[in-house]
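The numbering of the sequence shown is the numbering used here, which starts it at 10 and goes up by one.
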Amino acid sequence: MKEVKAVMAGNMWKIVVAEGDTVEAGQDVAILESMKMEIPIATEQAGTIKELKVNEGDFINEGDVIAIVE
Numbered sequence: 010m011k012e013v014k015a016v017m018a019g020n021m022w023k024i025v026v027a028e029g030d031t032v033e034a035g036q037d038v039a040i041l042e043s044m045k046m047e048i049p050i051a052t053e054q055a056g057t058i059k060e061l062k063v064n065e066g067d068f069i070n071e072g073d074v075i076a077i078v079e
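Structural data, given as structure tokens:
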């Protein structure tokens, strides 16, 4: 099980996967908006999205868990 974490603080602009989706290593799972920039957040391992820990519009701090990949 691997956690996908935020690389910086910002607003969760868009979640591009759903629980149960299969993802490849390097695939974007969400897009964070910070300082008017869109920052894609990718998973480091292939697997299945077990759980999404955030919702679109949430404020996220650096290091917060966005998703669990199994």
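Glycine included, C-beta positions come from ideal geometry on N, C-alpha and C.
| task | For Asp37, name the three-state secondary structure that DSSP assigns. | result | Taking the first residue of the sequence shown as 1, we reach residue 37 at position 28. Three-state DSSP puts Asp37 in a strand.
| request: Determine the contact status of Lys11 and Val78, defining contact as a CB-CB distance below 8 Å. | output: For the purposes of this step, residue 11 is taken as residue 2 along the sequence shown, with counting starting at 1. For the purposes of this step, residue 78 is taken as residue 69 along the sequence shown, with counting starting at 1. Cβ distance < 8 Å, so Lys11 and Val78 count as in contact.
| request: For the beta strand (DSSP E) holding Val26, just list the boundary residues, first then last. | output: As a working mapping, residue 26 is identified with position 17 in the sequence shown. Run containing Val26: none; DSSP gives neither H nor E here.
| task | Could you pull out every residue in the same chain whose Cβ sits closer than 6 Å to the Cβ of Asp67, ignoring the five residues on either side in sequence? | result | Taking the sequence shown and counting its residues from 1, the one referred to as residue 67 is at position 58. Closer than 6 Å at the Cβ level, and outside the excluded window around Asp67, lie Met21.
| Roughly how many whole angstroms lie between the Cα atoms of Val26 and Lys62? | For the purposes of this step, residue 26 is taken as residue 17 along the sequence shown, with counting starting at 1. For the purposes of this step, residue 62 is taken as residue 53 along the sequence shown, with counting starting at 1. Cα-Cα distance, rounded: 12 Å.
| message | Pop quiz: Leu41 and Ile69 are said to be a contact at Cβ under 8 Å. What is the actual Cβ separation, rounded to whole angstroms? | response | Along the sequence shown, read from residue 1 onward, the residue named residue 41 stands at position 32. Along the sequence shown, read from residue 1 onward, the residue named residue 69 stands at position 60. That belief holds up - the Cβ atoms of Leu41 and Ile69 are roughly 6 Å apart, short of 8 Å.
| Under 8 Å between C-beta atoms, does Lys45 make it to chain C? | Annotation note: the requested chain C is absent from the structure, which comprises a single protein chain.
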